[in-house]
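As they're listed, the protein sequences go chains P and G.
Position one of the first sequence corresponds to residue 639 (our numbering), numbered consecutively onward.
Position one of the second sequence corresponds to residue 639 (our numbering), numbered consecutively onward.
Read the structure below first, then the notes.
2 protein chains.
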Amino acid sequence: MRNLITDVSGVRVGNAHDARAATGVTVAVFDQSVTASVATLGGAPGSRAVTLLEPEMTRAVIDAVVLSGGSLYGLDAAGGVSAVLCAEGRGATFGGITLPVAVQAILFDLMNGGEKAWLTQPVKRRPPYWDLGRDAALAAAVDFALGTVGAGYGGTTANLKGGLGSASQRTKQGFIVGALAAVNAVGSATIGEGPHFWAAPYEQGREFGGYGWPAKLTEPDLAIRFKGQPVGATATTIAMVATDASLTKSECKRLAVMANDGLARALRPIHAPNDGDTVFAVSTARADAALGPAGEPPALTEIGAAAADCLARAVARGVYEATALPFENALPDFRRRFGKTVRRSTPQ
Amino acid sequence: MRNLITDVSGVRVGNAHDARAATGVTVAVFDQSVTASVATLGGAPGSRAVTLLEPEMTRAVIDAVVLSGGSLYGLDAAGGVSAVLCAEGRGATFGGITLPVAVQAILFDLMNGGEKAWLTQPVKRRPPYWDLGRDAALAAAVDFALGTVGAGYGGTTANLKGGLGSASQRTKQGFIVGALAAVNAVGSATIGEGPHFWAAPYEQGREFGGYGWPAKLTEPDLAIRFKGQPVGATATTIAMVATDASLTKSECKRLAVMANDGLARALRPIHAPNDGDTVFAVSTARADAALGPAGEPPALTEIGAAAADCLARAVARGVYEATALPFENALPDFRRRFGKTVRRSTPQ
Numbered sequence: 639m640r641n642l643i644t645d646v647s648g649v650r651v652g653n654a655h656d657a658r659a660a661t662g663v664t665v666a667v668f669d670q671s672v673t674a675s676v677a678t679l680g681g682a683p684g685s686r687a688v689t690l691l692e693p694e695m696t697r698a699v700i701d702a703v704v705l706s707g708g709s710l711y712g713l714d715a716a717g718g719v720s721a722v723l724c725a726e727g728r729g730a731t732f733g734g735i736t737l738p739v740a741v742q743a744i745l746f747d748l749m750n751g752g753e754k755a756w757l758t759q760p761v762k763r764r765p766p767y768w769d770l771g772r773d774a775a776l777a778a779a780v781d782f783a784l785g786t787v788g789a790g791y792g793g794t795t796a797n798l799k800g801g802l803g804s805a806s807q808r809t810k811q812g813f814i815v816g817a818l819a820a821v822n823a824v825g826s827a828t829i830g831e832g833p834h835f836w837a838a839p840y841e842q843g844r845e846f847g848g849y850g851w852p853a854k855l856t857e858p859d860l861a862i863r864f865k866g867q868p869v870g871a872t873a874t875t876i877a878m879v880a881t882d883a884s885l886t887k888s889e890c891k892r893l894a895v896m897a898n899d900g901l902a903r904a905l906r907p908i909h910a911p912n913d914g915d916t917v918f919a920v921s922t923a924r925a926d927a928a929l930g931p932a933g934e935p936p937a938l939t940e941i942g943a944a945a946a947d948c949l950a951r952a953v954a955r956g957v958y959e960a961t962a963l964p965f966e967n968a969l970p971d972f973r974r975r976f977g978k979t980v981r982r983s984t985p986q
Numbered sequence: 639m640r641n642l643i644t645d646v647s648g649v650r651v652g653n654a655h656d657a658r659a660a661t662g663v664t665v666a667v668f669d670q671s672v673t674a675s676v677a678t679l680g681g682a683p684g685s686r687a688v689t690l691l692e693p694e695m696t697r698a699v700i701d702a703v704v705l706s707g708g709s710l711y712g713l714d715a716a717g718g719v720s721a722v723l724c725a726e727g728r729g730a731t732f733g734g735i736t737l738p739v740a741v742q743a744i745l746f747d748l749m750n751g752g753e754k755a756w757l758t759q760p761v762k763r764r765p766p767y768w769d770l771g772r773d774a775a776l777a778a779a780v781d782f783a784l785g786t787v788g789a790g791y792g793g794t795t796a797n798l799k800g801g802l803g804s805a806s807q808r809t810k811q812g813f814i815v816g817a818l819a820a821v822n823a824v825g826s827a828t829i830g831e832g833p834h835f836w837a838a839p840y841e842q843g844r845e846f847g848g849y850g851w852p853a854k855l856t857e858p859d860l861a862i863r864f865k866g867q868p869v870g871a872t873a874t875t876i877a878m879v880a881t882d883a884s885l886t887k888s889e890c891k892r893l894a895v896m897a898n899d900g901l902a903r904a905l906r907p908i909h910a911p912n913d914g915d916t917v918f919a920v921s922t923a924r925a926d927a928a929l930g931p932a933g934e935p936p937a938l939t940e941i942g943a944a945a946a947d948c949l950a951r952a953v954a955r956g957v958y959e960a961t962a963l964p965f966e967n968a969l970p971d972f973r974r975r976f977g978k979t980v981r982r983s984t985p986q
């Protein structure tokens with residue numbers, strides 16, 4: 639186990655970023671088309687090709703999940719991903735035409751200190767996202783980095799640098815569940831001024847430092863803090879969860895809803911009016927189709943609970959592994975903030 | 639009155655196409671940001687930035703509606719539109735950053751005889767849609783052509799060339815309602831083998847030839863015919879309706895649902911499993927904000943009924959005004975099919 643979403647058989651992940659613009663793209667591509675759905679609980683989402691993920695829509699399978707920075711400008715990324723998928727002959731074909739499906743959500747990282755050149759010459763200079771989507775798809779592999787990479791490159795939280803996180807676990811039935819999150823939250827992943835993560839109860843090993851829960855929660859610890867007080871600036875945490883259990887599209891929708899509870903446990907606040915929080919859920923069905931490793935049909939409640947835990951852990955790891963952007967007044971990263979007390983996680 | 643959606647004050651429309659690829663883009667841009675929503679009743683939609691149009695989402699207003707060919711590859715078009723809007727300083731601003739909202743739906747025109755060069759060299763050659771979106775936005779005006787233009791350039795129906803259509807009318811209360819449709823239907827806009835449109839009951843003047851209703855409907859007239867028998871090929875009719883009445887976002891959602899009934903009356907079948915039929919609804923609120931020309935608050939039922947009629951008429955006009963694509967085996971256009979019997983419509 640890599641403790642990454644790629645522990646789910648059939649999933650590969652690629653990252654690409656533009657350091658000058660301080661933004662990037664993460665893509666999950668699949669060895670075979672996968673069943674998928676989505677649950678958007680943030681109030682200000684930006685997305686591409688997601689209506690087809692609703693259970694009443696016809697298309698049953700997709701070929702890539704794209705997470706990116708750039709807010710609405712970032713929605714070109716799925717175009718670059720689709721080009722790579724088309725070149726590889728992935729996805730459905732109609733009369734000899736290859737038509738892969740790349741679904742996408744974006745986060746708002748336009749005010750993080752990076753130089754967004756296209757905003758000053760918008761018709762002449764294209765946003766970098768189509769190219770970043772292409773490059774991320776070309777880089778897809780089972781091993782990938784966490785922290786200030788891909789869609790997490792430009793992400794921040796209320797008090798610390800955000801980033802890309804991932805985690806995985808095995809259910810009692812033997813199914814593998816994994817999560818991937820690009821953390822750019824309006825709220826905080828940590829409690830008060832300390833190094834304790836809200837996701838601490840779900841931590842496995844020392845994957846985000848092993849700080850555990852604070853001995854005592856004070857009133858200031860519980861004060862609600864968020865970017866852009868008092869009304870809340872545009873933020874967003876975008877994520878996906880995956881399992882090798884064989885689920886229907888409607889079950890994937892339910893999985894996406896339950897996985898959002900992992901965001902609720904790891905970030906405070908979350909799902910706010912100017913958040914675009916979106917969670918995709920994917921079934922690769924690589925475990926035995928009807929019965930899992932333990933000879934039982936998939937228990938969706940158990941898979942959903944595991945997905946929520948994985949997503950909470952992925953959020954904490956994204957913050958824990960991040961490095962600050964090299965700009966004046968950039969938010970500190972977890973390591974800089976808490977110095978020597980940080981113990982690096984090791985692969986499980 | 640131009641009998642176009644641009645009769646609704648505050649709406650301009652631009653078209654761009656790629657003749658070799660036989661595809662194009664239509665964009666409606668607004669003098670000021672507009673309240674909007676969407677209703678997607680087709681089973682295989684492709685869309686961009688539409689989740690934010692749901693009534694429970696925060697963003698209240700948008701800056702452009704983009705209709706395009708290209709299926710999922712066409713979803714880059716909103717990027718080019720956004721660049722033009724950004725250059726013009728349109729849309730919301732956050733900390734000095736301009737962030738216009740361009741929502742989009744696509745139709746499937748990949749198998750119409752045009753040369754889709756990007757499908758053979760997908761990573762090296764980009765799809766043309768970002769550029770077409772930019773060009774369509776730059777061309778936006780109150781006058782625009784119908785037929786084989788813009789998003790309707792590559793469209794077809796089961797039996798005739800499809801195209802871009804538009805229509806407008808005034809409600810009893812004095813509000814203006816307009817519709818715009820890119821017709822690429824899985825079904826037919828005409829009845830049986832004759833020149834009679836299903837939308838005939840709603841025709842104003844001779845806007846689509848004045849053929850009226852057949853003297854008699856035969857059993858073959860009522861046979862269900864559609865592209866790609868027996869299962870139905872991927873098709874789609876995408877559209878928008880607009881009014882100068884001041885409506886809330888939830889009322890725009892209701893308007894989009896009612897407007898879909900115009901598609902139901904003008905096309906048979908419609909809203910099928912492999913259709914991506916999507917209708918956007920927009921309120922420019924240019925009539926008096928609280929009360930309309932007759933001194934009454936907007937009657938949503940009347941506006942919705944007018945929008946359905948306008949959309950049915952726009953569909954028929956899109957087919958009536960189309961010219962066939964210059965490819966071997968291309969579907970005939972209405973004029974070629976019915977020859978001298980066709981009487982051209984004149985502006986009202």
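The beta-carbon is built from N, C-alpha and C at its ideal position, and this holds for glycine as well.
In this text the structure is predicted, and so the values were computed from the model without any measurement.
Exercise. Residues of chain G with CB under 9 Å from P:C724, in chain order?
Worked result: Locating residue 724 of chain P in the first sequence gives position 86, where the first residue counts as 1. Neighbours of P:C724 on chain G, chain order: Y711, W756, L757, P760, V761.
Exercise. Is the beta carbon of G:V703 less than 9 Å from the beta carbon of G:A730?
Worked result: Against the second sequence, residue 703 of chain G aligns to sequence position 65. Against the second sequence, residue 730 of chain G aligns to sequence position 92. No, the Cβ-Cβ distance between G:V703 and G:A730 is not below 9 Å.
For this session: Output the boundary residues of the alpha helix (DSSP H) element that contains G:N898.
Result: Here the question's residue 898 of chain G lines up with position 260 in the second sequence. 887-904 is the extent of the alpha helix (DSSP H) around G:N898.
Problem set entry | Interface residues of the stretch 826-856 of chain G facing chain P [CB-CB below 7 Å] | none
Exercise. Out of curiosity, what's the CA-to-CA distance linking G:T984 and G:M639?
Worked result: By 1-based counting over the second sequence, the position of residue 984 of chain G is 346. By 1-based counting over the second sequence, the position of residue 639 of chain G is 1. Because G:T984 carries a pLDDT of 42, less than 50, the predicted location of this residue cannot be relied on, and the following value inherits that uncertainty. Straight-line Cα distance between these residues: approximately 12 Å.
Exercise. Going by Cα to Cα distance, which pick from P:Y767, P:R863, P:T678, P:P858 is closest to P:L901?
Worked result: On the first sequence, residue 901 of chain P is found 263 positions in, with the first residue counted as 1. The option with the nearest alpha carbon to P:L901 is P:T678.
For this session: Can you check DSSP and say which residues form a bridge with G:L705?
Result: On the second sequence, position 67 is the one that residue 705 of chain G refers to. Looking at the DSSP assignment, G:L705 forms a beta bridge with G:T664, G:A743.
Exercise. What in chain P is Cβ-close to G:V739, meaning under 8 Å?
Worked result: Taking the first residue of the second sequence as position 1, residue 739 of chain G is located at position 101. Chain P residues near G:V739: L710.
Exercise. Does the beta carbon of P:T951 sit closer than 9 Å to a beta carbon anywhere in chain G?
Worked result: Position 313 of the first sequence, counted from the start, is the residue given in the question as residue 951 of chain P. The sequence given here places Arg at residue 951 of chain P; Thr does not occur at that position. Not one chain G Cβ lies under 9 Å of P:R951.
Problem set entry | Where P:R982 falls: helix, strand or coil (DSSP) | As a first step, residue 982 of chain P must be located in the first sequence, where it is residue number 344. Model confidence at P:R982 stands at a pLDDT of 47, short of 50, so the residue's coordinates are unreliable and nothing is read from them.
Problem set entry | Integer-rounded CB distance, given that G:F918 should sit under 8 Å from G:V651 | Here residue 651 of chain G refers to the residue found at position 13 of the second sequence. Here residue 918 of chain G refers to the residue found at position 280 of the second sequence. Not confirmed; about 13 Å, so no contact.
Exercise. Which residues share a DSSP beta bridge with G:H655?
Worked result: By 1-based counting over the second sequence, the position of residue 655 of chain G is 17. Bridge partners of G:H655: G:G662.
Exercise. Does the stretch 890-901 of chain G come close enough to the stretch 932-945 of chain G to have 3 or more Cβ pairs within less than 8 Å?
Worked result: yes
Exercise. In its own chain, which residues sit with a C-beta less than 6 Å from the C-beta of G:A943, not counting the 5 before and 5 after it?
Worked result: Translated into the one-based positions of the second sequence, residue 943 of chain G becomes position 305. So the list is empty, once near-sequence residues are dropped.
For this session: Flag this pair as touching only if the stretch 755-772 of chain P and the stretch 803-815 of chain P have three or more C-beta atom pairs under 8 Å; answer yes or no.
Result: no
Exercise. For G:T922, which residues of its own chain have a beta-carbon under 7 Å away from its beta-carbon, when the five flanking residues on both sides are left out?
Worked result: Taking the second sequence and counting its residues from 1, the one referred to as residue 922 of chain G is at position 284. Closer than 7 Å at the Cβ level, and outside the excluded window around G:T922, lie V646, S647, G648, V649, F668, V672, A880, D882.
Exercise. Distance, Cα to Cα, P:N641 vs P:Q842?
Worked result: Taking the first residue of the first sequence as 1, we reach residue 641 of chain P at position 3. Taking the first residue of the first sequence as 1, we reach residue 842 of chain P at position 204. Between P:N641 and P:Q842, the C-alpha separation is close to 10 Å.
Exercise. When the Cα atoms are used, what is the spatial distance from G:A952 to G:R906?
Worked result: For this step, residue 952 of chain G is matched to residue 314 along the second sequence. For this step, residue 906 of chain G is matched to residue 268 along the second sequence. G:A952 and G:R906: Cα-Cα distance of roughly 15 Å.
Problem set entry | Limits of the alpha helix (DSSP H) - the one that G:R975 falls within | As a first step, residue 975 of chain G is located in the second sequence; it is residue number 337 there, counting from the start. Where G:R975 is concerned, the enclosing alpha helix (DSSP H) stretches over 972-976.
For this session: Run down chain G in chain order and give the residues with a C-beta less than 7 Å from the C-beta of P:A695.
Result: As a first step, residue 695 of chain P must be located in the first sequence, where it is residue number 57. A quick correction: the sequence has Met, not Ala, at residue 695 of chain P. The contacting residues are G681, A682, P683.
For this session: Please list, in chain order, all residues of the same chain as G:N750 whose beta carbon is under 7 Å from its beta carbon, the five residues on each side excluded.
Result: As a first step, residue 750 of chain G must be located in the second sequence, where it is residue number 112. Once the five neighbours on either side are set aside, the close Cβ partners of G:N750 are A660, G792, T794, L963.
For this session: Please check the pair G:A654 and G:A777, which I expect to be a contact at CB under 8 Å, by giving their CB distance rounded to whole angstroms.
Result: Position 16 of the second sequence, counting from 1, holds the residue named residue 654 of chain G. Position 139 of the second sequence, counting from 1, holds the residue named residue 777 of chain G. At roughly 6 Å, the Cβ-Cβ gap stays under 8 Å, so G:A654 and G:A777 are in contact.
Problem set entry | Interface residues of chain P facing G:T678 [CB-CB closer than 7 Å] | On the second sequence, position 40 is the one that residue 678 of chain G refers to. Those are T689, listed as they occur along chain P.
For this session: Can you grab the Cα-Cα spacing for the pair G:L745 / G:G707, in whole Å?
Result: For the purposes of this step, residue 745 of chain G is identified with residue 107 of the second sequence, where counting begins at 1. For the purposes of this step, residue 707 of chain G is identified with residue 69 of the second sequence, where counting begins at 1. Each residue's alpha carbon lies about 5 Å from the other.
Exercise. Within 9 Å (strictly less), CB to CB, does G:Y791 reach chain P?
Worked result: As a position in the second sequence, residue 791 of chain G is number 153, starting the count at 1. So no, G:Y791 is outside the interface.
Exercise. Using a C-beta cutoff of 9 Å, does P:F813 count as contacting chain G?
Worked result: For the purposes of this step, residue 813 of chain P is taken as residue 175 along the first sequence, with counting starting at 1. So no, P:F813 is outside the interface.
Exercise. Where does P:I643 sit, in a helix, a strand or coil, going by DSSP?
Worked result: Locating residue 643 of chain P in the first sequence gives position 5, where the first residue counts as 1. Reduced to three states, the DSSP call for P:I643 is helix.
For this session: Give a yes or no on whether the C-beta atoms belonging to G:A715 and G:Q742 are separated by under 9 Å.
Result: Position 77 of the second sequence holds residue 715 of chain G. Position 104 of the second sequence holds residue 742 of chain G. In this structure, G:Q742 lies closer than 9 Å to G:A715 by Cβ.
Problem set entry | Nearest candidate by alpha-carbon position, reference G:F782, set G:A925, G:G956, G:E726 | Numbered from its first residue, the second sequence carries residue 782 of chain G at position 144. Out of G:A925, G:G956, G:E726, G:G956 has the C-alpha closest to the C-alpha of G:F782.
Exercise. What is the rounded straight-line gap between the Cα of P:L710 and the Cα of P:A779?
Worked result: Working through the first sequence from its first residue, we reach residue 710 of chain P at position 72. Working through the first sequence from its first residue, we reach residue 779 of chain P at position 141. Going from the Cα of P:L710 to the Cα of P:A779 covers about 27 Å.
Exercise. Would DSSP call P:D926 helix, strand or coil?
Worked result: The residue given as residue 926 of chain P occupies position 288 in the first sequence. Three-state DSSP puts P:D926 in coil, outside helix and strand.
For this session: In angstroms with no decimal places, state the Cα-to-Cα distance between G:S888 and G:P693.
Result: On the second sequence, residue 888 of chain G is found 250 positions in, with the first residue counted as 1. On the second sequence, residue 693 of chain G is found 55 positions in, with the first residue counted as 1. G:S888 and G:P693: Cα-Cα distance of roughly 5 Å.
Exercise. Is the CB-CB distance between P:T875 and P:A946 below 9 Å?
Worked result: Position 237 of the first sequence, counted from the start, is the residue given in the question as residue 875 of chain P. Position 308 of the first sequence, counted from the start, is the residue given in the question as residue 946 of chain P. Against a cut-off of 9 Å, the Cβ pair of P:A946 and P:T875 comes out as no contact.
Exercise. With G:L770 and G:G662 assumed to form a contact (beta carbons below 8 Å), what rounded beta-carbon distance in angstroms separates them?
Worked result: In the second sequence, the residue the question calls residue 770 of chain G occupies position 132. In the second sequence, the residue the question calls residue 662 of chain G occupies position 24. Yes, they are in contact, since the Cβ atoms of G:L770 and G:G662 sit about 6 Å apart, within 8 Å.
Exercise. Taking buried to mean at least 16 other C-beta atoms within 10 Å of its own C-beta, is G:P766 buried or exposed?
Worked result: As a working mapping, residue 766 of chain G is identified with position 128 in the second sequence. Buried, since its Cβ has 16 or more Cβ neighbours within 10 Å.
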